[in-house]
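Chains as they are written, first to last, in the numbering used here: chain A, 379 to 815; chain B, 379 to 815.
Ideal Cβ positions, reconstructed from N, Cα and C, are used throughout, including at glycine.
Have a look at the structure below before the remarks.
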């Protein structure tokens, strides 16, 4: 089974934990069976592993998220990185080209596209086998999962079924995109489902759709012509134009935990991090800073602190958050999870910036020279090997490394390595970020 | 006029802004006539300057607060530092010895002792002249200010007057220390006053009381024998044993803003620092961190963030704060205001600690060598002169300085100087702090 997981989105609704790099699907707010913290993307990944152990998963994403995906899902995960942010049709087309040209998947094979961020149960993914049957039997061009609605809401799109094809399979009459609540209630009465954004189709059908738009004969050709692909959603380009669409119903938990309020509903009275609390009621607290947080007698609020900022909000009003985050001046993410560890901005001054870099033990990283600024690295803790140009040496706590602009350098963490980086330069550019590879 | 201002106390009730060094009287939460931020001690100092422009003010304090007092009141302020924390009688006796032996003040002169932290009006300090008249006329041994109570409270001590000596001056019958509210209401009916902790007396009387306890003939002798002085409050040792006590009433604003709740009453809807807020109601916000804070639809709460921690508390429950702060493990202050600038802990690791040091332009500092740890200084911004042993050199942004343990060093800030300090060592001791002199 070939699954394409779509990972995108910027994270203003769960600010300050989410930012342009760390979208909501990467926040480690959930707890797995062993009591370890996990993110939604990690949960989705392991849920698929349970129901579809033989599935090959490809992540379609953008460059900003590639590092955090590797950090959370492992270095060997198959990633297709879009050269620029367009829409879901180009992103899915590029992932399909990758599967056909680079993974030698037959154009007759069923492909499944899933968003990576719904909060659902294992049972949801078992439904994929039913979609597979439909596509393989060629009784529909596109097969979807329809979620049995729990309440009328204007947050989701609706799938309106017509006749039953087989037991538990319906042909689709039409789609209604985000209706008002009154209309939603009417649709539910008529038997409509929430659109879970899950699509199954034959690989060849999407390649043909892409080829009718742009001419290509291998992955790299499509990659280079990516900006010529129509900037349109998969729903509008493919699904709404398909002649034969089938929907398979799913009844069970399925939520978009895209706001603090929905998160608190799933995990009431959460307190993560260095938190002391007393007499709190319906209070959701996450503290990612290394300083203590005390909450006393708070009620119906979310309190979240990260290197990017601090939020205190009434839970029911927290859905308004995005507009206020939009007004903040500094949008540079202060915290980044990387495949080699973590990077946190500690301070910014007139012509310098101070960061804490954490390299996990065993990680081996070489990097591109930066263009404008000089970096000073002081080893705050741990040991490793450092190569500057052709010189290689062992580094330990207290060592000072000076990297002038243009100098190539490599670092290998023998034990967990904490480095304080002071970046200085008259032309200090936020984009002059080291690219570790 | 000789005034002794008592500055002490640790600051758990206004955590995380206050800490063992920065007591509540040093928090710059008030606004002066020119719109600049000022602390209570700065406000008290300038209020005295208005009503008693010729007064000489001596600050009786402990070593931890000496630096912040100089930073806020100027290098030339007269400070007497107690060699160890005892109680108010020893502290006042030491300040009196300083005035007699080192400032050549006559033992017949009236001395005024004032706490530095009440939030009051200029009029309050005009009352000192009335106390002075009483002490100079020798109609009482001790003269006090009695504040006309605004409501019955168990927070303060009460002064119960007896007969009128002169218009506006009463002899004192007795004192009642922190009665319950019912008793307080009864005392107010009987004409009792709040005890403002202001004492006037003749210098010689306190020197004699101290000499009956410890033998000394100059300031240094008393300083060395400080631990032998009775550990007792000035109230118990002197005031309650005095034969002739007079009280002068004061009617007007006078508050102990020792909790977030009383602070919010004085300054409703305060928002200091990097704060965005919307639809907040009766919300007091102070953000001393360099990251944005967003408050949405909060009600009756205090939100405070500093390098020491984050507090979110219902205002009326915030008086319970101290007991929860007492349970926090790390009590090392993360932020310190010094006479040369500021010091903030950015991070702590296994065998190292990272600080941001800010030296204000023009400050010239030499320091003691530290015993156990090596310090690396990276100049993040600004320029200055640095002397290590006998070598003096100019330092600019990007320079790296390594100071091994035992090495004497001096620094002079030419412009505002921001330094990142990485302190490393196997025997990293929190008390191994540089002493700048």
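Length of the line joining the Cα atoms of residue 623 (chain B) and residue 429 (chain B):
Start at 1 with the first residue of the second chain, and residue 623 (chain B) comes out as number 245. Start at 1 with the first residue of the second chain, and residue 429 (chain B) comes out as number 51. When rounded, the distance between both Cα atoms is 24 Å.
Looking at chain A, is there any beta carbon in it that lies within less than 8 Å of the beta carbon of residue 700 (chain B)?
Taking the first residue of the second chain as position 1, residue 700 (chain B) is located at position 322. Taking Cβ atoms only, chain A never reaches closer than 8 Å to residue 700 (chain B), which makes this a no.
Where residue 656 (chain A) meets chain B, residues with beta-carbon distance less than 8 Å:
Position 278 of the first chain holds residue 656 (chain A). 698, 702, listed in chain order.
Report yes if the C-beta distance between residue 666 (chain A) and residue 694 (chain A) is below 8 Å; otherwise report no.
The sequence position of residue 666 (chain A) within the first chain is 288, counting from 1. The sequence position of residue 694 (chain A) within the first chain is 316, counting from 1. No.
Taking C-beta pairs closer than 8 Å, name the residues in chain B that residue 781 (chain A) reaches, listed in chain order.
Within the first chain, the letter at position 403 stands for residue 781 (chain A). What residue 781 (chain A) touches in chain B: nothing, since even the nearest Cβ is about 12 Å away.
Would you mind stating whether residue 795 (chain B) and residue 742 (chain B) have Cβ atoms separated by less than 8 Å?
Counting from one through the second chain, the residue named residue 795 (chain B) turns up at place 417. Counting from one through the second chain, the residue named residue 742 (chain B) turns up at place 364. Going by C-beta atoms, residue 795 (chain B) is not nearer than 8 Å to residue 742 (chain B).
First and last residue of the uninterrupted beta strand (DSSP E) at residue 508 (chain A):
On the first chain, position 130 is the one that residue 508 (chain A) refers to. Element bounds for residue 508 (chain A): not the beta strand (DSSP E) but the alpha helix (DSSP H), 500–515.
Is the region 483–500 of chain B touching the region 457–464 of chain B in the sense that three or more CB pairs, one from each, lie closer than 8 Å?
no
Extent of the continuous beta strand (DSSP E) to which residue 650 (chain A) belongs:
Along the first chain, read from residue 1 onward, the residue named residue 650 (chain A) stands at position 272. Here the beta strand (DSSP E) through residue 650 (chain A) covers 649–651.
So, helix, strand or coil for residue 717 (chain B), using DSSP?
Residue 717 (chain B) sits at position 339 when you count from the first residue of the second chain. Three-state result, residue 717 (chain B): coil.
Assuming residue 604 (chain B) contacts residue 468 (chain B) under a Cβ cut-off of 8 Å, what Cβ separation, rounded to an integer in Å, is found between them?
In the second chain, the residue the question calls residue 604 (chain B) occupies position 226. In the second chain, the residue the question calls residue 468 (chain B) occupies position 90. That pair is a contact at about 6 Å.
Are any of the Cβ atoms in chain B nearer than 8 Å to that of residue 475 (chain A)?
Indexing the first chain from 1 puts residue 475 (chain A) at position 97. Residue 475 (chain A) does not count as touching chain B.
Contact with chain B by residue 398 (chain A), beta-carbon distance below 8 Å:
Locating residue 398 (chain A) in the first chain gives position 20, where the first residue counts as 1. Not one chain B Cβ lies under 8 Å of residue 398 (chain A).
Along the alpha helix (DSSP H) that carries residue 468 (chain A), what are the first and last residues, could you check?
Position 90 of the first chain, counted from the start, is the residue given in the question as residue 468 (chain A). Here the alpha helix (DSSP H) through residue 468 (chain A) covers 466–475.
Can you confirm whether residue 750 (chain B), when its beta carbon is compared against all beta carbons of chain A, has any partner nearer than 8 Å?
Residue numbering aside, residue 750 (chain B) sits at position 372 when the second chain is read from its first letter. Chain A contact via Cβ: absent.
Given that residue 725 (chain A) touches chain B, what residues does it touch there, using C-beta distances under 9 Å?
Position 347 of the first chain, counted from the first residue, corresponds to residue 725 (chain A). What residue 725 (chain A) touches in chain B: 668, 722, 724, 734, 758, 796, 798.
Along chain B, which residues have their Cβ under 7 Å away from the Cβ of residue 424 (chain A)?
Counted from its first residue, the first chain places residue 424 (chain A) at position 46. Neighbours of residue 424 (chain A) on chain B: none; closest Cβ ~32 Å, over 7 Å.
List the endpoints of the continuous beta strand (DSSP E) containing residue 631 (chain B).
Position 253 of the second chain, counted from the start, is the residue given in the question as residue 631 (chain B). Run containing residue 631 (chain B): none; DSSP gives neither H nor E here.
Determine, using beta carbons only, whether residue 729 (chain B) comes closer than 8 Å to chain A.
Within the second chain, the letter at position 351 stands for residue 729 (chain B). Interface residue, yes.
Per DSSP, residue 569 (chain B) is paired with what?
The residue labelled residue 569 (chain B) in the question sits at position 191 within the second chain. Beta-bridge pairing links residue 569 (chain B) to no other residue.
Quick one: using the 10 Å Cβ neighbour count with 16 as the cut-off for buried, is residue 545 (chain B) buried or exposed?
To locate residue 545 (chain B), count along the second chain from 1; it is residue 167. Counting Cβ neighbours within 10 Å, residue 545 (chain B) comes out exposed, since fewer than 16 surround it.
Does DSSP classify residue 807 (chain B) as helix, strand or coil?
For the purposes of this step, residue 807 (chain B) is identified with residue 429 of the second chain, where counting begins at 1. Any reading at residue 807 (chain B) is ruled out, since the residue's pLDDT is 48, under 50, leaving its predicted position unreliable.
Tell me which residues share the same chain as residue 689 (chain B) and place their Cβ nearer than 6 Å to its Cβ, disregarding the 5 neighbours each side in the sequence.
Start at 1 with the first residue of the second chain, and residue 689 (chain B) comes out as number 311. Only 394, 682 meet the Cβ criterion.
DSSP state of residue 666 (chain A), grouped into three classes?
As a first step, residue 666 (chain A) is located in the first chain; it is residue number 288 there, counting from the start. The answer is coil: DSSP assigns residue 666 (chain A) none of H, G, I, E or B.
Within chain A, partners of residue 863 (chain B) - CB distance below 8 Å
Only positions 379 to 815 of chain B appear in this structure, which leaves residue 863 (chain B) out of reach.
Could you check whether the Cβ of residue 685 (chain B) sits closer than 8 Å to any Cβ belonging to chain A?
Here the question's residue 685 (chain B) lines up with position 307 in the second chain. Taking Cβ atoms only, chain A reaches closer than 8 Å to residue 685 (chain B), which makes this a yes.
Who are the neighbours of residue 691 (chain B) on chain A, taking C-beta pairs under 8 Å?
The count along the second chain starts at 1 and reaches residue 691 (chain B) at position 313. Neighbours of residue 691 (chain B) on chain A, chain order: 672, 673, 674, 675, 676.
Given residue 479 (chain B), which residues of its chain have a CB within under 6 Å of its CB, disregarding the five upstream and five downstream residues?
Along the second chain, read from residue 1 onward, the residue named residue 479 (chain B) stands at position 101. Here the set comprises 596, 597.
Which chain B residues are close to residue 681 (chain A), counting only those with a beta carbon under 7 Å from its beta carbon?
The residue given as residue 681 (chain A) occupies position 303 in the first chain. Per Cβ cutoff of 7 Å: 690.
Drop a sphere of 10 angstroms on the beta-carbon of residue 711 (chain B), count the other beta-carbons inside from all chains shown, and report buried for 16 or more, exposed for fewer.
Position 333 of the second chain, counted from the start, is the residue given in the question as residue 711 (chain B). Answer is buried; the Cβ neighbour count reaches 16.
Whole-angstrom C-beta distance between residue 725 (chain B) and residue 791 (chain B), which should lie under 8 Å
Here residue 791 (chain B) corresponds to residue number 413 of the second chain, with the count starting at 1. Here residue 725 (chain B) corresponds to residue number 347 of the second chain, with the count starting at 1. In fact, because the Cβ distance is near 24 Å, the residues do not count as touching under 8 Å.
Going by beta carbon distance, what residues of the same chain come within less than 6 Å of residue 732 (chain A), once the five residues before and after it are set aside?
For the purposes of this step, residue 732 (chain A) is taken as residue 354 along the first chain, with counting starting at 1. 724, 725, 800.
Please confirm whether residue 383 (chain B) has its beta-carbon closer than 8 Å to some beta-carbon of chain A.
The residue given as residue 383 (chain B) occupies position 5 in the second chain. Not an interface residue.
Kindly say whether residue 802 (chain B), judged by its beta-carbon, lies nearer than 8 Å to any beta-carbon of chain A.
For this step, residue 802 (chain B) is matched to residue 424 along the second chain. Chain A contact via Cβ: present.
DSSP state of residue 478 (chain A) mapped onto helix, strand, coil:
Reading the first chain from its first residue, position 100 is the one you call residue 478 (chain A). Residue state, collapsed to three classes: helix.
Please state whether the Cβ-Cβ distance between residue 440 (chain B) and residue 386 (chain B) is less than 8 Å.
Taking the second chain and counting its residues from 1, the one referred to as residue 440 (chain B) is at position 62. Taking the second chain and counting its residues from 1, the one referred to as residue 386 (chain B) is at position 8. Cβ atoms of residue 440 (chain B) and residue 386 (chain B): closer than 8 Å.
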